[in-house]
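J.: Quick mapping for you: the protein sequence lines, in order, are chains S and B. Residues 1 to 348 (the working numbering) are what the first sequence spells out, left to right. Residues 1 to 260 (the working numbering) are what the second sequence spells out, left to right.
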Amino acid sequence: MLIVENISLMVEDFSLNNINLSIEKGDYFVLLGLSGVGKSLLLETIAGLRTPSEGNIFLRGKLLNSIPIQNRQISIVYQDLVLFPHLNVYENIAYPLKAMHAGDIEEKVIAAATQTGIADKMERMPASLSGGEAQRAALARSIAAGSDIFLLDEPLSSIDLKSKNELRILLRNLNRSGITIVHVTHDYEEAISLATKIGIMENGKLVHVDTTEEIFEHPKSEFVAHFIGIKNFLRGRITKQTDSDLKIFVSEKIEIFCLSELDEGNVFLMIDPKEISISNTVLEGSIRNHFKGRIKDIAPARLGLVVTVDIGVDFAVHVSKDAFYSLGMNVGKDVWINFKASSCKVYN
Amino acid sequence: MNTVSLNRTPLNLVFAFLGGALLLFIIAPIAGLYLNAPLSSWTETVADKSVQDSIWLSLWTSMAGTLLFSLLAIPLAYILARKKFRFKSLINGLIDVPIIIPHSAAGIAVLGVISRDSVLGQAADLVGLKLVGNPSGIILAMAFVSIPFLINAARDGFCAVPERLEKIALSLGASPVRVFFTISLPLASRSIVSGLIMMWARGMSEFGAVVIVAYNPQTAPVMIFERFTSFGLKYSLPAAAIFVAVSLLIFIILRVISKK
């Protein structure tokens with residue numbers, strides 16, 4: 001339904017680079033990323049409000065550039081300033097219908113407002129609405145516009161928790177009714193709760209697109225890893241050795257032995273804090289990875305403690321309180337951390 | 001806990017005194033107009049046909065210039081607010097030129113463009129329109145010196161309209177023309193109306209440029225000047241007082257209406 005092909009765009013000192021994306025009819029696609037990574041820029045480019053310097057966007061099989069914005073049937077809903085402030089709720093919802101010289105305007109406005117649960121506030125001015133009510137009115141307006149793709153830019157960010165949950169239900173229902181939704185957010189819980197597909201954005205690039213399950217079970221970016229509480233997440237390059245089945249993972253500041261089916265290339269490496277041990281001296285045995293470092297922080301966990309050890313990069317290590325006290329750990333103390341090559345999870 | 005009353009700090013007292021002195025500087029001369037003009041002369045001046053004509057001429061020519069040039073100024077203000085292009089800051093600077101040059105020089109400049117020897121003057125002649133010594137010339141002179149007030153206010157008004165709202169309107173199926181008239185213009189209207197009032201008021205009070213383009217028919221400022229130079233202060237005072245009263249009254253009414 002919507003194909004984004006090699007889109008690049010430069011805005012002041014920020015750029016979107018080679019974005020490729022395919023969204024099927026009925027998808028609930030969430031673009032997930034931190035603030036300032038280019039999510040909204042991509043959304044506006046899809047809406048046709050910005051012209052890419054390279055690449056094409058195809059909408060319903062047609063090149064987007066060939067369709068005037070007002071005929072694209074894509075409507076965009078932002079986080080705030082969602083309604084026209086000088087028009088009341090009724091006039092806001094009726095706006096696209098009047099623009100398209102539609103018939104039965106009143107009937108259509110009431111139907112759209114009823115669908116989003118804002119029909120009892122038709123006379124209200126936007127300034128008197130709560131964030132959730134304004135979003136409902138904006139969604140009703142998009143429905144009235146007859147759009148079958150909604151582009152939502154952080155639509156739930158500035159509203160209270162109760163309204164947020166109700167709006168999530170509304171968004172799911174709209175999606176089930178056949179509306180394709182592209183939703184930009186920095187909130188991974190929102191993504192899990194709503195998305196059928198997720199695209200992860202970092203620094204103007206779409207780094208990973210997959211189903212929600214795959215994204216969170218096998219994270220391929222630091223961003224997702226941090227979100228779901230995975231610590232000890234490193235980016236680097238893996239190389240094989242001629243005389244060993246162990247591979248060497250090389251990042252900027254550290255080299256780690258690991259067991260992996262991958263031979264060469266750029267990878268992500270993760271080590272569960274529970275798989276790492278701390279000792280006052282190097283541990284002899286089958287363990288391949290030993291690093292000397294200094295304790296930087298100690299934080300209580302649900303069970304035991306999480307000790308952060310600086311070995312050039314910060315490593316989180318999960319230890320019991322018993323071990324903590326028996327080893328006499330404290331902030332600033334020099335210790336060794338040890339973990340097996342088989343404890344390293346490597347993804348390309 | 002004791003709190004310091006900000007109202008009575010020495011700084012505020014000094015500022016209040018300085019501000020009060022300034023207000024007095026504005027109010028005193030205007031009040032003087034009314035206090036020094038004998039009441040008997042008022043009725044006589046109000047009934048004077050030439051006074052009525054010149055005040056009316058000032059009012060309508062300034063209004064006509066404001067409305068006519070707003071058709072050009074508002075689109076320009078929108079472009080300046082929304083678009084990025086080369087020499088934009090140069091154009092922004094150029095707009096303020098009529099404010100900074102002496103208004104007699106502005107009058108001479110306008111006269112150069114509309115005189116019978118000029119292309120515009122000759123073109124106007126062809127269609128039977130006289131520009132010099134005519135209300136049309138007065139309109140042009142007034143508009144020349146007062147147009148910056150409208151352009152600047154309208155540009156600031158359009159800048160304050162979030163571009164996002166225009167984008168939403170476009171995505172909802174409205175054409176760019178419709179977006180301008182239903183979103184941008186209404187949301188910038190307060191600034192635009194304020195600019196229109198300022199342009200009208202400034203144009204109406206213009207003397208320097210107008211007197212060079214058209215000594216006759218006489219606008220109110222020219223008529224007041226002539227009475228002053230020919231008959232002295234005593235005769236010019238009532239005319240000045242009446243013109244100021246009419247101007248202030250309309251100015252206040254328009255301000256009140258525009259704020260509603």
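Ideal placement from N, C-alpha and C gives every residue a C-beta, glycine not left out. Predicted, not measured: the structure shown is a model, and the values here were computed from it.
Below 8 Å between beta carbons is the criterion; list the residues of the stretch 78-109 of chain S that meet it against any residue of chain B, in chain order.
T.: Y78, L81, V82, F84, P85, H86, Y95, P96, A99 and M100
J.: Assuming B/A154 and B/S191 make a contact with CB atoms under 8 Å, what is their CB distance in whole Å?
T.: With 8 Å as the limit, B/A154 and B/S191 qualify as a contact, their Cβ atoms being about 6 Å apart.
J.: Is it buried or exposed for B/L24, if we count other Cβ within 10 angstroms and need 16 for buried?
T.: Only exposed fits B/L24, as fewer than 16 other CB atoms lie within 10 angstroms of its CB.
J.: Going by DSSP, which residues form a beta bridge with S/Q241?
T.: S/S244
J.: Can you pull the chain S residues whose beta carbon is under 9 Å from the beta carbon of B/K167, in chain order?
T.: E44, A47, L49, I69, I76 and Y78
J.: Tell me the rounded alpha-carbon separation between B/S115 and B/L22.
T.: 42 Å
J.: Is there contact between the stretch 19-38 of chain S and the stretch 129-144 of chain S, where contact requires at least three CB pairs shorter than 8 Å?
T.: no
J.: Please report how far the alpha carbon of S/D80 lies from the alpha carbon of S/L42, in whole angstroms.
T.: 18 Å
J.: Starting from B/N36 and walking both ways along the alpha helix (DSSP H), at which residues does that stretch end?
T.: Under the DSSP assignment, B/N36 falls in the alpha helix (DSSP H) whose first and last residues are P10 to N36.
J.: Please say whether S/F339 and S/I278 have beta carbons closer to each other than 8 Å?
T.: no
J.: Hey, is S/R141's beta-carbon within less than 8 Å of any beta-carbon in chain C?
T.: Note that chain C does not occur in the displayed structure, where the protein chains are S and B.
J.: May I have the straight-line CA-CA distance separating S/I149 from S/I76, to the nearest angstrom?
T.: 9 Å
J.: Under the rule that 16 or more other beta-carbon atoms within 10 Å means buried, what is S/S221, buried or exposed?
T.: buried
J.: Show which residues of chain B have a CB atom less than 9 Å away from the CB atom of S/A145.
T.: S171, L172 and G173
J.: So which residues of chain S does B/I183 contact, with C-beta pairs closer than 7 Å?
T.: F84
J.: Can you tell me whether S/P273 is buried or exposed? The criterion is at least 16 other CB atoms within 10 Å of its CB, across all chains shown.
T.: Within 10 angstroms of the beta-carbon of S/P273 lie 16 or more other beta-carbons, which makes it buried.
J.: Indicate whether S/D390 and S/I192 have their beta-carbon atoms separated by less than 8 Å.
T.: Because chain S in this structure spans residues 1 to 348, residue 390 of chain S falls outside the shown range and cannot be described.
J.: Count the CB pairs spanning the stretch 158-165 of chain S and the stretch 130-137 of chain S that are closer than 8 Å, and state whether there are at least three.
T.: yes
J.: Can you give me, in chain order, the residues of the stretch 73-85 of chain B that have a beta carbon less than 9 Å from any beta carbon in chain S?
T.: none
J.: Going by other Cβ atoms of all chains shown within 10 Å of its Cβ, with 16 needed for buried, is B/V97 buried or exposed?
T.: exposed
J.: Leaving out five residues before and five after S/G178 in sequence, what residues of the same chain have Cβ atoms less than 8 Å from its Cβ?
T.: Cβ within range, chain order: K25, G26 and D148.
J.: May I ask you to report which of helix, strand or coil DSSP gives S/K197?
T.: Reduced to three states, the DSSP call for S/K197 is strand.
J.: What is the rounded straight-line gap between the Cα of S/A111 and the Cα of S/R302?
T.: About 50 Å.
J.: Quick one: grab the DSSP three-state call for S/T270.
T.: The question names Thr, yet the displayed sequence has Met at residue 270 of chain S. Three-state DSSP puts S/M270 in a strand.
J.: Quick test of the definition: if touching needs 3 or more C-beta pairs under 8 Å, does the stretch 208-217 of chain B touch the stretch 87-107 of chain B?
T.: yes
J.: When the distance is taken between beta carbons, is S/A195 closer than 8 Å to S/Y325?
T.: no
J.: Check this for me: beta carbons of S/F291 and S/V267, under 8 Å apart or not?
T.: In this structure, S/V267 does not lie closer than 8 Å to S/F291 by Cβ.
J.: Tell me which same chain residues have a C-beta within less than 7 Å of the C-beta of B/A77, skipping the five on either side of it?
T.: I151, A154, R155 and F158
J.: Any beta carbon of chain B sitting closer than 8 Å to that of S/L9?
T.: no
J.: Are the C-beta atoms of B/P162 and some chain S residue less than 8 Å apart?
T.: Chain S, which has a Cβ nearer than 8 Å to the Cβ of B/P162, makes this yes.
J.: Which word fits B/R255, buried or exposed, when buried means at least 16 other C-beta atoms lie within 10 angstroms of its C-beta?
T.: exposed
J.: Please classify S/K345: is it buried, with 16 or more other beta-carbons within 10 angstroms of its beta-carbon, or exposed?
T.: Counting Cβ neighbours within 10 Å, S/K345 comes out buried, since at least 16 surround it.
J.: Report, in whole angstroms, the separation of the C-beta atoms of S/L167 and S/L174, which I expect to be a contact under 8 Å.
T.: Actually they do not touch by this definition, with Cβ atoms about 10 Å apart.
J.: Do S/I337 and S/V313 have their C-beta atoms within less than 8 Å of each other?
T.: no
J.: Please compile the residues from chain S whose C-beta is within a distance smaller than 9 Å of the C-beta of B/P10.
T.: In chain order: nothing, as chain S lies at least about 41 Å away.
J.: The beta strand (DSSP E) that contains S/K205, what's its start and end?
T.: K205 to T211
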